[in-house]
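First comes the structure, then the notes that go with it.
Number of protein chains: 2
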Amino acid sequence: MALLGAGVIGGGWAARFLLSGWDVRLHDPDPDAGRKVAAVVENARRAWRSLTLAPLPAEGTLTIAGSLEEAVAGACFVQESAPEREQLKQELLARAEVAAPPDAVFASSTSGLRPSRLQAEMARPERLVVGHPFNPVYLLPLVEVCGGERTAPESCRRAAAVYRSVGMAPLLLRREIDGFVADRLMEAMWREALWMVADDVATASEIDDAIRLGPGLRWSFMGVFLTYRIAGGEAGMRHFLAQFGPALQWPWTRLTDVPELTDELIGRIVEQSDEQASGRSPEELERERDDRLVAVLQALRGAQAGAGAAIRDWERRLLADAAPNGRPVAAGQLLEHRAAVLPEWVDYNGHAHESRYLQVFGDATDALLARLGIDEQYLAGGGSYYTVESHLTHRREARAGDRLLVTTQLLGVDERRLHVFHSLWREPERDLLATAEQMLLHVDTQAGRAARAGDGPLTAARELADLHAGLEWPEAAGRAIHLDG
Amino acid sequence: MALLGAGVIGGGWAARFLLSGWDVRLHDPDPDAGRKVAAVVENARRAWRSLTLAPLPAEGTLTIAGSLEEAVAGACFVQESAPEREQLKQELLARAEVAAPPDAVFASSTSGLRPSRLQAEMARPERLVVGHPFNPVYLLPLVEVCGGERTAPESCRRAAAVYRSVGMAPLLLRREIDGFVADRLMEAMWREALWMVADDVATASEIDDAIRLGPGLRWSFMGVFLTYRIAGGEAGMRHFLAQFGPALQWPWTRLTDVPELTDELIGRIVEQSDEQASGRSPEELERERDDRLVAVLQALRGAQAGAGAAIRDWERRLLADAAPNGRPVAAGQLLEHRAAVLPEWVDYNGHAHESRYLQVFGDATDALLARLGIDEQYLAGGGSYYTVESHLTHRREARAGDRLLVTTQLLGVDERRLHVFHSLWREPERDLLATAEQMLLHVDTQAGRAARAGDGPLTAARELADLHAGLEWPEAAGRAIHLDG
């Protein structure tokens, strides 16, 4: 794919596509574009690593192209993120169209210009869509997809598919309007915020607190309509509109006019903004923002709605794409599972908390079960293996960033039980960090009691146990804990 | 304290104050108020339990008063949450003032009426402030505190102190304006959202997605000013204003007018809202909202800014108020540690992931070590206990929300090692869920090798082991894992 423009938005796109395994050719007139984009990618990589345990694909390659034509040659998808000047964008798109393959789709990152205008100079305007992302592009799922008068619906669908492939949640707009949907909402709030500073009602910092300590917490998972529906109580939305509708007519807000950005007002905002930032550099603020976004996205993942659903779907695809699970095992060959130690796993001793070792062992057990055919369908049928006993030994400490390998040996099988032995190694040195011996019991999850495993998993487990029968019995298996040992 | 009004807001106040240990006297003309408030408190209790592991204080007592006068008699703080009618509120406050003690502070929950108007009929208007909270009152930290022309600054300070004591983050407004700060921002966005439905640009569900998948995620921890400062890149706020300021003049939004709520528009919004709710009852939506708020608040707690800082400060106060750690143990008495199963601990089997049991056992071990004198100073001196072996057995599954008790027995001590046995119970039933036998090794953390423990911890450990010497040896201790066992 090709990127035109390497500002904040273009750099964010580069990070998202590269980290998703796409090769990216980028053009920007700024000779320093390569260095700037590399910095954005590095920051984004840090955030992605802490966002998911799913195996990320091998990163794509970034090529800085000397010209627009060189960038788009051979690209099936071109994302334009040039400055917000209509004529400039029109010219870039018209040039790109000539140099790109005939079936390429063109997307503009514009936050306000109409696609009907942007496609005006194109020979084949049906290929142009708006694909409007939000900062930081590599973390926020939203991208507004909007076609112009002459855009083919197929182009919107293809752009949406591309965005989904890099973990985004495209919102297909039903009508072309200036500013699209999200920016109109932001703009409305921003105007009101500017009035409040202009009228000295509140400072930048106070206004931001009014958002993030209150309604902003709700908006991370629930928009205005659902929030107000709940506020209507039992009687719902109609009641809410009847109760609070009339307030819309009150002379509350200053929205009937636009504040003039005088030098005095600009100076005041800049001063209040400096105070609010209290010496933090843009990079520090960006990292803070990204860390908090990752934390919020992870929190919502469990809820499986909104951004949480987008993250979960993305992880499922990453897992499915990685899918090394079905690879056959040779006799005497251990199963392998990989992980990495995240910064938040580290406790006051400076290394991973003991429970995180068991988390990784649990993941390795899940990988074993998946190989035996315990999938969503099997679980839905009411069968599952539960861990009933675990014996961990610790040899060395795992530190933040360590790459981990778990090797798994199936020690024994009966109709209800699996006896498993894991070893946890630091890569690439192959230092042994810990071991876990586990007994798993097959249960009927509806009845809540032990039950014979299904024929499929049982056969697969016996085959694997046979393949592992020739392996040495692990030194740490079958041992008890004794003080006088 | 006294509450006037038991609607959505009044019920939320009742929950927050009761759960914080305040006795509450409430009056509402609705004869069903007691039942409604009890339901809100029950829901709030569920959320608070999953929000923190810190020990919550004993709940206060709710008294439903037969009259306003009976409710406010003897109350040092009166929170009024009657319907949004100026005259009604003026009358209630004037009556309450007569019946309450002379030093009582009166706060109105109004979201739009000016305190200067509300205090108009009061004999001692200096005692009246606005304390405007947000839904759900028991979870969102924000409360806008605003005085009127005749309010004493001391009343604002006293109200803010009361709100802080129940875990809120009061925002003291510098000027009295209709709608205060947060509602003005919400109102601006809401007007724009209504226009988009009226113009058929987007549906309720699409607008909500445009918020929660994009900018709304940021607003949970960062308001508009700091967000835009980052968008300005290296050049900061001045650059952002120069770049995007002119766009304010574009005819983007419909904010220069107010949409008329015709029957047709109301019908359309109600229909789209029903579709969005897809059959979920108000109670279900409330629970979803609360669960996600709890998850987001917990996610931000680590960041220690915005709502995260409010939650952290609240927990510190709860812990300081509880502080039972140093309590001496009697002979034969097990140590106790309490925890609760958080929603995010639950895996695909519907119960807590096995690693979370070890996390709780690890916390119980930390509590044991703290009791032996392993504090920050000891750790800074280069000594610590590391877990070298753990043997877990699982009996029953822990589910989200379960209250857990860990009892800890010190089985043995030598110069370098502690032999520990934990049992994990579900409260209040005292169902045994799991056990953990652990061997801890004292290490010289600088040298990275085993070393004799310091005299203080060693003496304390031997004393505790003596106190536990008479206890029965746990049935699950000293066992090994065997398939043919």
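Those sequence lines, one after another, are chains A and B. The letter at position 49 of the first sequence is residue 55 when you use my numbering, and the numbering goes up by one with no holes. The letter at position 193 of the second sequence is residue 199 when you use my numbering, and the numbering goes up by one with no holes. Quick reminder that beta carbons are idealized off the backbone N, C-alpha and C, glycines included. Predicted model only: the values in this text are computed from it and were never measured.
I'd like to know if residue i contacts chain B, where contact means its C-beta is closer than 8 Å to some C-beta of that chain.
i	result
Leu32(A)	no
Ser171(A)	no
Gly285(A)	no
Trp320(A)	no
Arg362(A)	yes
Asn49(A)	no
Gln282(A)	yes
Arg41(A)	no
Asp420(A)	yes
Phe227(A)	yes
Pro480(A)	no
In whole angstroms, what separates the C-alpha of residue i from that of residue j?
i	j	result
Val135(A)	Gly17(A)	20 Å
Tyr169(B)	Pro176(B)	7 Å
Trp479(B)	Asn141(B)	52 Å
Gly462(A)	Gly379(A)	7 Å
Trp351(B)	Ala126(A)	53 Å
Pro35(A)	Gly11(A)	8 Å
Trp258(A)	Val203(B)	Note that Trp258(A) scores a pLDDT of 46, beneath 50, so its modelled location is shaky and nothing firm can be said.
Gln452(B)	Val412(A)	28 Å
Ala315(A)	Asp353(B)	16 Å
Gly491(B)	Glu421(B)	Confidence at Gly491(B) is low in this model, with a pLDDT of 47, below 50, so its placement is unreliable and the value that follows should be read with caution. Those two C-alpha atoms are separated by around 34 Å.
Thr67(A)	Leu24(A)	7 Å
Glu212(A)	Val149(B)	12 Å
Thr441(A)	Leu430(A)	6 Å
Arg485(A)	His425(B)	15 Å
Leu194(B)	Ile183(A)	The displayed chain sequence assigns Ala, not Leu, to residue 194(B). The straight-line gap from Cα to Cα measures roughly 19 Å.
Trp54(B)	Val300(B)	8 Å
Arg274(B)	Arg181(A)	17 Å
Gln282(A)	Asp215(A)	11 Å
Ala8(B)	Glu76(B)	9 Å
Ile236(A)	Arg244(A)	11 Å
Ala370(B)	Gly418(A)	33 Å
Leu291(A)	Gly239(B)	10 Å
Relative to the C-alpha of residue i, which residue among the options is closest?
i	options	result
Asp381(A)	Ser115(A), Gly460(A), Gly13(A) and Leu10(A)	Gly460(A)
Leu57(B)	Thr69(B), Ala210(B) and Leu306(B)	Leu306(B)
Arg91(A)	Ser117(A), Ala79(A) and Arg458(A)	Ser117(A)
Gly154(A)	Ser287(A), Leu178(A) and Val172(A)	Leu178(A)
Asp109(B)	Arg133(B), Pro89(B) and Cys162(B)	Arg133(B)
Arg295(A)	Ser390(A), Val187(A) and Tyr144(A)	Tyr144(A)
Arg436(B)	Ala456(B), Gln310(B), Asp408(B) and Glu481(B)	Asp408(B)
Gly454(A)	Glu443(A), Gly285(A), Asp369(A) and Tyr391(A)	Tyr391(A)
Asp189(B)	Leu219(A), Arg164(A), Leu398(A) and His397(A)	Leu219(A)
Ala102(A)	His357(A), Gln310(A) and Phe83(A)	Phe83(A)
Val207(A)	Trp201(B), Met174(B) and Cys152(B)	Cys152(B)
On the DSSP bridge list, what partners appear for residue i?
i	result
Arg344(A)	Leu411(A)
Arg51(B)	Paired residue(s): none; Arg51(B) is not in a bridge.
Cys82(A)	According to DSSP, Cys82(A) bridges with nothing at all.
Leu10(A)	His33(A) and Glu86(A)
Met445(A)	Glu395(A) and His425(A)
Arg455(A)	Asp450(A)
Thr465(A)	In DSSP, Thr465(A) forms no bridge with anything.
Ile70(B)	Leu32(B)
Cys152(A)	Val136(A)
Within 8 Å of any Cβ in chain A, is that where the Cβ of residue i sits?
i	result
Trp19(B)	no
Ala456(B)	no
Gln304(B)	yes
Phe83(B)	no
Trp492(B)	Residue 492(B) is absent from the model: chain B starts at 7 and stops at 491.
Gln365(B)	yes
#### Entry: Uninterrupted alpha helix (DSSP H) stretches inside the segment 346-428 of chain B (no shorter than 4 residues)
360-377 and 382-386
### Query
Which ranges would you report for the alpha helix (DSSP H) in the segment 90-129 of chain B if only whole runs of at least 4 residues count?
92-105 and 121-124
### Message
Which runs of the alpha helix (DSSP H) at least 4 residues long sit entirely within the segment 221-251 of chain B? Give them in chain order.
### Response
221-225, 230-237 and 242-250
### Task
Could you name each continuous beta strand (DSSP E) segment of 3 residues or more that falls completely within the segment 164-208 of chain B, going from the start of the chain to the end?
175-178
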